[in-house]
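Residue numbers (this note's numbering): 7 to 256. For glycine and all other residues, C-beta sits at the position ideal for the given N, C-alpha and C.
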Ligand SMILES: N#Cc1ccccc1Cn1ccc2ccc(-c3cc(N)[nH]n3)cc21
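If you want it as structure tokens, here you go:
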């Protein structure tokens, strides 16, 4: 997968050099290119914003620098052999970013991120590029950030961990489903590791039993408990088999 990011804060994307995404790049699973939008400005102040038509607070990012930047980034990507780009636009007014969307994006060959600042980007930029590729306007939550770069880091990490070979042999994202019933849409339950006793607190006995069926059932029940308590809205989306009492521990 190729990722391009156009931003006025390229240094904000330095975390893409480390940890999981950094390893995916080192393994050649991810090809990341970060571009400074101001490289496509020609005035002394490298201006990228102007006052909003119709008045109102703040500034709006101008069409021209984005148009020239995206034309160049797309031309370079095609030249390098990439294909089927999708524009990913972080915005508070976008579609909620979910695991389902992360899976959808992880199956694409090329993502071009346009994290904005100020009050966003002139709408005509997205109208223009929507004639050439899918444009995903994406919100990472119901709160307002000062810009889209943090959202790019979040989306990139959620997508990169789904790429083949990135999570190593664990491929732990595949644990999202298991028989009987599925764990999809259930919150993760509690996890434990050594020591077996810490400040008088012990490990649930079933986890030390070595009985894989009992352990799987205990984990499903804990996930159901956690989901019911914290995100009851997800329960209706669960596979009914996840509630299967017949194989519940007697
Ligand atoms: N746009 C806008 C905007 C509109 C009103 C007030 C402040 C902003 C700031 N802003 C500029 C770029 C940008 C990108 C993404 C987010 C963003 C995403 C989520 N999920 N929350 N916030 C915010 C962003």
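Fully enclosed beta strand (DSSP E) runs of no fewer than 3 residues occupy 91-102 of the region 47-115, in order along the chain.
With fewer than three CB-CB distances shorter than 8 Å, the region 40-53 does not count as touching the region 96-104. Distance from the C-beta of residue 18 to the nearest heavy atom of ligand 1 is not below 7 Å. Distance from the C-beta of residue 157 to the nearest heavy atom of ligand 1 is below 7 Å.
Taking non-hydrogen atoms of ligand 1 into account, the C-beta of residue 122 is found less than 7 Å away from one of them. In this structure residue 121 is in contact with residue 158, their Cβ atoms being roughly 5 Å apart against a cut-off of 8 Å.
In this structure, residue 116 sits near residue 91, with a CB-CB distance shorter than 8 Å. Between residue 166 and residue 12, the C-beta spacing is not below 8 Å.
One alpha carbon belongs to residue 168, the other to residue 214, and they sit about 30 Å apart.
Residues 125 of the same chain have their beta carbon placed closer than 8 Å to that of residue 63, with the five preceding and five following residues left out of the count. For the pair of segments examined, the region 105-113 was found not to touch the region 45-54: the number of CB pairs separated by less than 8 Å stays below three.
Note that the region 228-236 touches the region 188-195; at least 3 beta-carbon pairs, one per stretch, sit closer than 8 Å. Setting aside the 5 residues that flank it on each side, residue 241 is surrounded in the same chain by 233, 234, each with a C-beta closer than 7 Å to its C-beta; the list follows chain order. The beta carbon of residue 37 sits closer than 6 Å to the beta carbons of 8 from its chain, once the five residues preceding and following it are set aside; these are given in chain order.
Residue side-chain check: residue 62 keeps its Cβ at 7 Å or more from all non-hydrogen atoms of ligand 1.
Taken in chain order, the complete alpha helix (DSSP H) segments of 4 or more residues contained in the region 127-183 are 129-135, 155-166. Cβ neighbours of residue 163 within its own chain (closer than 7 Å, five residues either side excluded): 26, 27. Short note on residue 149: C-beta closer than 7 Å to some heavy atom of ligand 1. Per DSSP, reduced to three states, the secondary structure at residue 217 is coil, with no helix or strand assignment. Around the beta carbon of residue 147, a 10 Å sphere encloses fewer than 16 other beta carbons of the protein chains shown; the residue is thus reported as exposed.
Counting along the chain, no beta strand (DSSP E) covers residue 24, and no H or E run does either. Under DSSP, residue 224 takes part in no beta bridge, so it has no partner. In the structure shown, the three-state DSSP call for residue 197 is coil. Within the model, the alpha-carbon separation for residue 32 versus residue 142 is close to 27 Å.
Cβ contact annotation for residue 104 (same chain, cutoff 8 Å, sequence separation greater than five): none.
Excluding its 5 nearest sequence neighbours in each direction, residue 89 has C-beta neighbours in its own chain below 8 Å: 115, 116, listed in chain order.
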